[in-house]
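Asker: Each number in the working numbering corresponds to the 1-based position in the sequence shown with 4 added.
Even for Gly, the Cβ is constructed at its ideal location relative to N, Cα and C.
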Amino acid sequence: MPRYSTNYSRIVNSRLYQATLGAAVASRTGRMILLAGVPLLWLLVMHIGPIYQMAKISFLAQYPLQQGRDASYTLANYGIFFSESIYFMPLIRSFIFSLAATAITLIVVFPVAYYVAKIVRPDRRSKALLLILVPFWAGELIRTFSVIMLLANRGALNVLLRDIGLIDRPIPMLYTSFSLGFGLVYLICLYMLLPLYSSIEKIPKHLLDAAADLGAGPVTRFRRIVLPLSRDGIVSGCSLVFLTCIGVFATPMLLGGPTTVMFPETISGFFHGASDKWPVGAAFALIMLVSALTTAGIFMRLVGGKATKLM
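1) Leucine 110 by DSSP, collapsed to three states: which one?
2) Please report the distance separating the alpha-carbon of threonine 224 from that of isoleucine 123.
3) Using a 10 Å radius around the Cβ and a threshold of 16 neighbouring Cβ atoms, would you call aspartate 74 buried or exposed?
4) Can you list, in chain order, the residues of its chain with a C-beta nearer than 8 Å to that of valine 113? Leave out the 5 residues immediately preceding and following it.
5) Helix, strand or coil: which one does DSSP assign to tyrosine 195?
6) Glycine 159 lies in the alpha helix (DSSP H); which residues open and close that run?
7) By the DSSP assignment, the alpha helix (DSSP H) with glutamine 57 in it spans what residues?
8) If you compare alpha carbons, which of Trp46, Ala59, Leu47 is closest to alanine 289?
9) Helix, strand or coil for serine 295? Go by DSSP, reduced to three states.
10) Whose C-beta lies closer than 7 Å to the C-beta of valine 120 among residues of the same chain, with five residues either side of it excluded?
11) Identify whether tyrosine 179 lies in helix, strand or coil by the three-state DSSP scheme.
12) Under a three-way DSSP split, which group does tyrosine 67 fall into?
13) Indicate, with yes or no, if the ligand MG has a heavy atom lying under 7 Å from the CB of phenylalanine 226.
14) Looking at the C-beta of asparagine 157, does it have a partner C-beta in chain B at a distance below 8 Å?
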């Protein structure tokens, strides 16, 4: 029997372990700690650990470390980003595309979420949500290739426009800013839909009915009731969409052109080559992480920090 199995058996069968586990399960607080401990441990091991390792590598002057030599730390890896605009512009481009995709997604998805939450009959809402969720069971690459088939010169959209007589030759839509923006919105719209639906569904129907009885039109009801009470869903959806969009790698690479290189593609270039470039790639990844979290935090502070009230 392996040594680690023997040690594990001794620990599990020890009186101290049995007494500690029994006391934890017996008390309500202990059960809550056990339930929260498993996901917390998973978060630490699978998320915090890799981020810590990436941050550590980003300060190394050389990687991998040579045997018998101590680690040497430097800030030069971060200086490369701030000293050369060729690396700075992809980050700005990523932020612009992510913010634009977030705004477009909110505008497009909000009516859909409102329709499902308030207009569809309650006994049919689960079926409507299921129909919306089915396409998203496919992976990111499959959905990206479906966008390529739609927007290609011989794709479904160009063929349709040609058949109805609107165009004589294909419109070049693929590998442009339009195709990249369209693909990003399609890829991430589900992250906006679910928080909005959950928030809009909780709006009491009698508030809308009372406003209508008092003469408030649809625009007034939306501005003074629906929008303020769905603020939490808007904040959550926009944060999820932005943070997901700025880190997407495959979709910009497949749908974008040479003028739409995003920051994740720039970062990946340092990891595809020799390992001595890994500290620079790790520094760039940490810069993107801190920038994205800071932007999302500012947005949540400005929009989500205000008390919900009917205007």
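Answerer: To lay it out plainly:
1) It is helical.
2) Looking at the backbone, the Cα of threonine 224 and that of isoleucine 123 are separated by about 18 Å.
3) Aspartate 74 counts as exposed, since fewer than 16 other C-beta atoms from the protein chains shown sit within 10 angstroms of its C-beta.
4) Result list for valine 113: Cys193, Met196, Leu197, Leu200, Gly241, in chain order.
5) Three-state result, tyrosine 195: helix.
6) Element bounds for glycine 159: n/a, residue is neither H nor E.
7) Glutamine 57 -> alpha helix (DSSP H) spans 53-62.
8) Closest by C-alpha distance to alanine 289, out of Trp46, Ala59, Leu47, is Ala59.
9) Collapsing the DSSP output to three states places serine 295 in a helix.
10) Here the set comprises Arg129, Ala132, Leu133, Tyr201.
11) In the three-state reduction of the DSSP assignment, tyrosine 179 falls in the coil class.
12) Here tyrosine 67 sits in coil by DSSP.
13) Absence of the ligand MG is noted for the structure shown, with no ligands found whatsoever.
14) No chain B is part of this structure, which consists of one protein chain only.
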